[in-house]
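The structure appears right after this line, and notes come after that.
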Amino acid sequence: MLGECLKNVRKQVPLVHNITNYVTVNDVANVLLACGGSPIMSDEPKDVEDITTICGGLNINIGTLNERSIEGMFLAGRRAKELGHPILLDPVGAGASKLRTETALKLMKELHPTVIRGNISEIKTLASGSGTTKGVDADVADAVTEENLESAVDFVKTFAKKSGSIVAITGAIDLVSDGETCFVIRNGRAEMGKITGTGCQLSGMMTAYITANPDKRLEAAAAAVCVMGLAGEIGWSHMQEWEGNSTYRNRIIDAIYQMDEAILDEGAKYERR
């Protein structure tokens, strides 16, 4: 099932409009190319509506906000909504500042994104309408663990149902829910947290997956999470003792490029709840 989602991305080559942060923009573009999609980047308000119109999906990432990019996000989001294109919201650092929190909440309420993807701290901020995080990383106290898994699954289902969006919480254990079903995913490596932007890369790739699989977007979102985590495992298995996080980033992208249906279906570690 997940392998079929991967196959559809490579077959359709969805064009994804990314309004993403300048820390990771190059890696987001490369991951989209590696997974079989096609990236285009623009946050200029005079440009974004035209770009969104020719694309199949829109990825909005609030990691490096400014007034111009915020205006572009709303213009592109409204256009995507008019066209019925899937929208992914990545609320990077929501809870860390008033601007990030208020922008993420307004985007969520106005655009009704198809998918909201973030760490547990960011998602809790959106669910509560306020919050605090230490930055773009999840607070340790908010980590999803085997001990609190049941309550975390209940939380993500409740928020997905309330928001009307598929909600993907990524971390040591990943949760993806549409309010009824929750995928619990255990792919990945802790070392992926030492690479800047693996979450941003996942958001770009996930947008390609939900664009290419309109009839099974929950499964497509889960497939993208499994692909990223599995690529982290495969990439790590090829690391040499003198190599570090820069090489690891490239190995993850290479693993995504080389991944096929069989590798994904065999290596994906998930359960439905």
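Residue 76 in full-length UniProt numbering sits at position 76 of the sequence shown, with consecutive numbering throughout. We put the beta carbon where it would ideally sit given N, CA and C, even for glycine.
Check                                                                                                                : Outcome
Outcome for residue 122 when other beta-carbon atoms lying within 10 angstroms are tallied against a minimum of 16   : buried
Outcome for residue 73 when other beta-carbon atoms lying within 10 angstroms are tallied against a minimum of 16    : buried
The beta strand (DSSP E) enclosing residue 301, as first and last residue numbers                                    : Residue 301 is absent from the structure shown; the chain starts at 1 and stops at 273.
Residue from 226, 185, 107 and 37 with nearest C-alpha to residue 80                                                 : 107
Member of 174, 180, 142 and 31 whose CA lies at the smallest distance from the CA of residue 158                     : 180
Through-space distance from residue 221 to residue 176, alpha-carbon basis                                           : 7 Å
Anticipated Cβ contact below 8 Å, residue 204 with residue 39, distance rounded                                      : 7 Å
Other residues of its chain near residue 283: CB distance less than 7 Å, five sequence neighbours each side excluded : Nothing in the structure corresponds to residue 283, since the chain is present only between 1 and 273.
Alpha-carbon to alpha-carbon, residue 262 and residue 97                                                             : 43 Å
Close beta carbons around residue 209, own chain, < 7 Å, minus the five adjacent residues each side                  : 5, 9, 220, 221, 223 and 224
Stretch-stretch touch, CB-based, cutoff 8 Å, three pairs: the region 187-204 with the region 248-256                 : yes
Complete runs of the alpha helix (DSSP H) confined to the region 185-238 [at least 4 residues]                       : 198-212 and 217-237
Cβ-based neighbour list, residue 213, same chain, cut-off 6 Å, excluding 5 preceding and 5 following                 : 5, 8 and 220
Sequence-distant residues of the same chain with beta carbon closer than 6 Å to residue 178, five excluded per side  : 160, 166 and 218
Opening and closing residue of the alpha helix (DSSP H) in which residue 89 lies                                     : It is not in any alpha helix (DSSP H) - residue 89 instead sits in the beta strand (DSSP E) that spans 87-90.
Residue 34 versus residue 24 - alpha carbon distance                                                                 : 15 Å
For residue 241, three-class secondary structure by DSSP                                                             : coil
Pick from 110, 99 and 142 that is closest to residue 118, judged by C-alpha positions                                : 142
Cβ-based neighbour list, residue 228, same chain, cut-off 6 Å, excluding 5 preceding and 5 following                 : 202
Sequence-distant residues of its chain with Cβ nearer than 8 Å to residue 172 (five each side left out)              : 143, 144, 145, 188 and 190
Run of the alpha helix (DSSP H) containing residue 108, from where it starts to where it stops                       : 98-111
Presumed contact (8 Å Cβ cut-off) between residue 45 and residue 71, rounded CB distance                             : 5 Å
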